[in-house]
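See below for the structure under consideration.
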Amino acid sequence: MPWQQQAQELVPVHTALVEKHYSSPMASLVLTDSSKPTSDSQHLGICTEVLMINISPSSLEYSSTGNNEDKNRSWIIDNPVSGHVQTGPENIDCEYVHNMIYIITATDGVFNTSVQLNVTIIDVNDNWPIVQEVLNIISINETQENGTVILNMKNNSYDLDYSEPFHTLYYQMDFMIDDQLMHYFYLDIDTGNLLAVFTNPNIGFDLAYTNRTSFSLRVTIRDNFKERQIANSNINTNSSYTIYIKDVNNHRPVFQPVNGNLFETNTHVVEDSVVLSYFHATDADSDAPNNWIHYEILSITSVNGNNANPSDLFWIKDNEDNKTATIMAGKGLNDSYGNYSIIFYAEDRGEYPGPLNQTSDPYTIVIKGYNDHAPVFVFPNKSVDHLVLSKENSDTRGVMLYTEEIWLDNIQATDEDENDNIYKNGTAYYKILGSDVAKKYLNINMGSGRLSLIDTFDSLDVSMFNLTIQAYDGGPEPLSTNRTLKIYIKSGDLKEPYFETQIDTANFTENTTVIADYVPDSEYHTLPGVIDPDKDVNEVLGLTEEIYYYLFNSTNDGMEHFLVDKSTGILKVDPNNVLDRETYNNYIIGIVVTKKDTKPKYVETKSFLTVYIKVIDIKDTPPNFKEDIYSGGLLLGDKNGKTIFVVEATDYDEDDEITFTISSDIHFSDSSLNSWVQRPFLMTQSNQIDQVTRIATANGTLTNNFDLEDSNMKGHFTFEIKATDLGNNSNLVPAKVYIISKSNQVIFRFTNPMEDLNVNRQFVINTFTSSFNTTCNIDSIRRVTTRASLTSENSTDVTTHFINTATDLPVDAADIQLEMNIQDKVIKLKLAFSQKGLLFESYQGGSKATEAQNMEQVLQTVLIVVSVVLGTLVVVLFAAFFFRTRSLNRRLESLSTTKFGSQDSGLNRIGMAMPNTNKHALDGSNPVWKNENLPTRDIDTTSIGSGDSDLIGIENSPEFNHYQDAGMRRESFNPLYGYNGVTDITREKEGNNNKDSNMNHIMNFTERKNVPITDL
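At position 915 of the sequence shown (counting the first as 1) the number is 915 in UniProt numbering, and the numbers step up by one without a gap.
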């Protein structure tokens, strides 16, 4: 039977000693592939005993033979004496031989026997992955496509181990050295393919966007990577690669805007090669010559220039920096004023020239006029030397020609010079020179050349006089021309023409003279037809009467914006005073037709035309901010995204849209704010269009882009906010953001929903600002939260702070609280807020204000407690006084009660214990009993005996009433005396000083009837 010994590669195995008599001709042995010997007694190493065979007798000799003897003999050797089979001095390597067969022979000198030993070598992971570093530097183009293979690492790496999984390699990229690698590369773990995989495929390696000219990669190559667990891989190799990105000429030049693609010069350039301007384009390619630019002029055409063949007016040359160019004058520009369209061409000088590397763009060059021409008279021209004026019809409105019976045309002169923004070199102005008569009667409009009368010709005593008119231009050194005419005065009459219809409509576009609904690019609107009542008569007489058109009246200052050709009736916009829709979006103008050469004062109905004009909008008005400055505050602890303030802008162009941006130039009042130089704030916005006026209104919310956690920060940020519309019109407003503390905050409470406060946010700011003479900023608007963590829908807290405009510092809340203690100011605030339906309820200051308020509350509480204590004492004293007084009154009543009883019983009299007495009980001290001095009544009417006397009640007899005193005052209030219907009882005490008698007093009871109430 076979014997076996097993172990793993690269891990030495245990020594195995097997002792057995061979009963089988074969045995087997499994050894490990050990690349290194070991001295550990527990492991198999060099010269380690593998197998011992004991055969008796002990005088046997052993020998062995095997395959691959020459190559592998030294791996396993046997002892010829002991028969031990053991490893040799050389390492066992499975990569060369996997199985060995040995024949072991034992002999005693005469006989021998053999056994076959099969040796199997188990492979272990003892070889490192090998990388051929032949492609560690790689160059690729920036136009590398997404998903393409840059490098296959499997082709230049291998492992010498024989078996799986020791010779299978896996590949991993180390992203720790560059976290940007994951945006550009992907390494397949199994195939070793390095691919270009982009997070943004539209950019890829494009150097114009990435600015990455190279990447460094470190790849780990692993074997025995079971289940993708690094713990299973005990041998790996690192390989480094550098990938360079080469620039490719894949961007065309881009012209940079210059003053809205507009260049300006003037006709004073009198020679060629004069530098007019500089030109600039950019190329996004990073390397030269791919970003070197060559310039040319493709064409020059006249827009409204005075030169009909302008192709040689300009030329362009490249500058030495290979980036810019210079525009030169091709010749003198005198007499070439006007606008010219020029198309510039640019191409880079890189590889692969073609359309992708070329560009062209039209620009406008404006040649301003130079004052080198004097005005030239058009009317009257040189052939006219006199004028015949109508004496009757000439007046202050104008002068009329007698022979033609028409108003004299305006004096007209032209100037070949071009107007610019400062001087009117090409505009003619007029004044009268010459005789005193002409200056006395005639006046000329300086701008229009209209001749009119200062006074009627009725007082003129001559029939002819000379008139000299001077035409001069508006240049800095005016040039002039004079024209002299002879004026003759005559009389005449005429009949007025009239329109076929009296209503017309037209549309004109603002800021231009182009009409909107007529012929494309037409600048005119033709009025309805005119009928001349004298037409037939004039044809018979061979006369021609001119018909003239005048603007008679207008709404919305239309007289300043519209012109009508007096001869043709063409309506147009004055090019010197174009329309502005944001001022007026419609006009109603009146046009009169007449044969007079001046606008008449009175117009016939049929000679008057009403024209309704609508103004078409263009985007030409910049947005207007609602406030001149915006400010807000940030509190320590405020997180990213807090609303600081809201800006509002309005654009009066129709259906426009406003975009807000924050200027990059941000200033800091304190060095503690310098760390937030890069985008500390963000702006979000919304646009609304008024459905009636079509006016755009935009709100921009400024929020912080950082967490305010540094308690050392102070001061404020200063910057500008820019509002831009769709027409690229813009406006700026300054803004400030202050760093504030809790001691600067004041909370105002309103009994309104939070939405009402948000809608009137700016009104609240303006109201507090004007009330406290400091700039108010709102930090937050929140619903009031109750102690039960519930929000109140109709109660809102507005947290504010105030800025002192003089010191530009936050105001302490205690200062605001002091002003709020003024009752008149609080009343005014409530009245101001009530105009917007806001109900101002209360306020609360910051930390210092809260301390002052708390102290005030403490003092108020102490005062209340003292008042309660004093009030309680007063109540107690009053109660004690009340009960004491009642007790004394009751005692007094008891003492004043009449005592009665028989003499024998001595009830209430004899020996009576009387309180408050200073005598013995016989008489007592009650003054009621001291009645000895009272008048004595008739004793006969009173029973003086005991209760058995026959005289009891006799006093009630009528005959005993003769002595009663009707006016006697009731002397006793004892209710006992008021029974049995007795109206009153008068008790009299009769004096009886007999001490020995049992009767101390005589009681007199007198019935009193019919006593008046006033006597009681």
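We put the CB at the ideal spot given by N, CA and C, even for glycine. Quick caveat: nothing in here was measured; it's all calculated off a predicted structure.
Margin query: Just to confirm before moving on: does the CB-CB distance between THR652 and VAL733 stay below 8 Å?
Written below: Reading off the sequence shown, one finds Tyr at residue 652, where the question assumed Thr. Cβ distance not < 8 Å, so TYR652 and VAL733 don't count as in contact.
Notebook entry, point to check: Where does LEU467 land, buried or exposed, given buried means 16+ other C-beta within 10 angstroms?
Noted result: buried
Notebook entry, point to check: Apart from the five residues on each side of it in sequence, which residues of its chain come closer than 6 Å, Cβ to Cβ, to GLU69?
Noted result: Confidence in GLU69 is poor, its pLDDT being 48 and thus under 50, which makes the residue's placement unreliable; the coordinate value appears in the next sentence. There are no such residues.
Margin query: Here's the rule I'm using: 16 or more other beta-carbon atoms within 10 Å means buried, otherwise exposed. How should ASP190 be labelled?
Written below: exposed
Checklist line | Residue nearest to THR594 in terms of C-alpha spacing, selected from THR796, GLY475, HIS525, ILE547 | finding: ILE547
Next item on the list: Alpha carbon to alpha carbon, how far is THR661 from ARG679? Give it in angstroms, no decimals.
Entry: 11 Å
Next item on the list: Please confirm if LEU863 has its CB atom under 8 Å from at least one CB of chain C.
Entry: No chain C appears in the structure shown, which is made up of a single protein chain.
Note to self: For ARG222, list the residues DSSP reports as bridge partners.
What the structure shows: TYR170, ASN236
Next item on the list: Check whether the segment 736-750 touches the segment 795-814, counting contact only when three or more Cβ pairs, one atom from each stretch, lie closer than 8 Å.
Entry: yes
Note to self: By the three-class DSSP mapping on this structure, what secondary structure does ALA814 have?
What the structure shows: helix
Check: With 16 other CB atoms within 10 Å as the buried threshold, where does GLN835 fall?
Finding: exposed
Margin query: Could you check whether the segment 496-516 touches the segment 600-608, counting it as contact only if at least three pairs of C-beta atoms, one from each stretch, sit closer than 8 Å?
Written below: yes
Note to self: Measuring straight from C-alpha to C-alpha, what distance separates VAL399 and ASN482?
What the structure shows: 20 Å
Check: What does DSSP give as the partner residues of LEU732 in its beta bridges?
Finding: LYS722
Notebook entry, point to check: Looking at the unbroken beta strand (DSSP E) that takes in LEU609, where does it start and where does it end?
Noted result: 608-616
Next item on the list: Enumerate, from N- to C-terminal direction, the unbroken beta strand (DSSP E) stretches of 3 or more residues contained entirely within the segment 132-157.
Entry: 137-141, 149-152
Notebook entry, point to check: In chain order, what residues of the same chain lie with their CB nearer than 7 Å to the CB of ASN705, ignoring the 5 residues before and after it?
Noted result: ASN640, ARG679, PRO680, PHE681, LEU682
Next item on the list: Throw me the rounded Cβ distance for the ALA832 and THR767 pair, which I believe falls under 8 Å.
Entry: 5 Å
Check: Excluding sequence positions up to five away, which residues of its chain have a Cβ less than 6 Å from the Cβ of ASP670?
Finding: LYS714, GLY715
Next item on the list: Could you tell me which residues DSSP pairs with VAL530 in its beta bridges?
Entry: PHE499
Next item on the list: Determine the direct distance from the alpha carbon of THR120 to that of TRP3, and round the result to whole angstroms.
Entry: Because TRP3 sits at a pLDDT of 36, beneath the cut-off of 50, its placement in the model cannot be relied upon, and the point is left open.
Checklist line | Limits of the alpha helix (DSSP H) - the one that ASP436 falls within | finding: 436-441
Notebook entry, point to check: Any idea which residues DSSP pairs MET100 with across the strands?
Noted result: VAL119
Notebook entry, point to check: If GLY474 and TYR429 are in contact, beta carbons under 8 Å, what's the gap, nearest whole angstrom?
Noted result: 6 Å
Note to self: Quick check: the segment 203-222 against the segment 303-315, are at least 3 beta-carbon pairs closer than 8 Å?
What the structure shows: no
Note to self: Please report the distance separating the alpha-carbon of ILE658 from that of ILE589.
What the structure shows: 34 Å
Item checked: Nonlocal neighbours in the same chain, by C-beta distance under 8 Å from GLU523, ignoring five residues either side -> THR513, VAL514, ILE515, LYS572, VAL573
Notebook entry, point to check: So, are the CB atoms of ASN118 and VAL197 less than 8 Å apart?
Noted result: no
Check: Residues bridged to THR324 by DSSP?
Finding: HIS280
Check: According to the neighbour-count rule (16 or more other Cβ atoms, all chains shown, within 10 Å of its Cβ), is TYR370 buried or exposed?
Finding: buried
Item checked: Backbone CA spacing between ALA329 and TRP315 [nearest angstrom] -> 6 Å
Notebook entry, point to check: Which whole-angstrom value describes the C-beta separation of ILE177 and THR265, a residue pair presumed to lie in contact below a C-beta threshold of 8 Å?
Noted result: Actually they do not touch by this definition, with Cβ atoms about 58 Å apart.
Checklist line | Whole-number beta carbon distance between ASN511 and ILE618, since they are thought to touch under 8 Å | finding: 6 Å
Checklist line | According to DSSP, residues forming a beta bridge with residue 1022 | finding: Look at the range of the chain in this structure, 1 to 1016, and you will see that residue 1022 is not part of it.
Next item on the list: Quick one: measure Cβ to Cβ for ASN425 and ASP417, integer angstroms, because I've assumed they're closer than 8 Å.
Entry: 4 Å
Checklist line | Beta-carbon proximity check, ALA325 vs VAL376, cutoff 8 Å | finding: no
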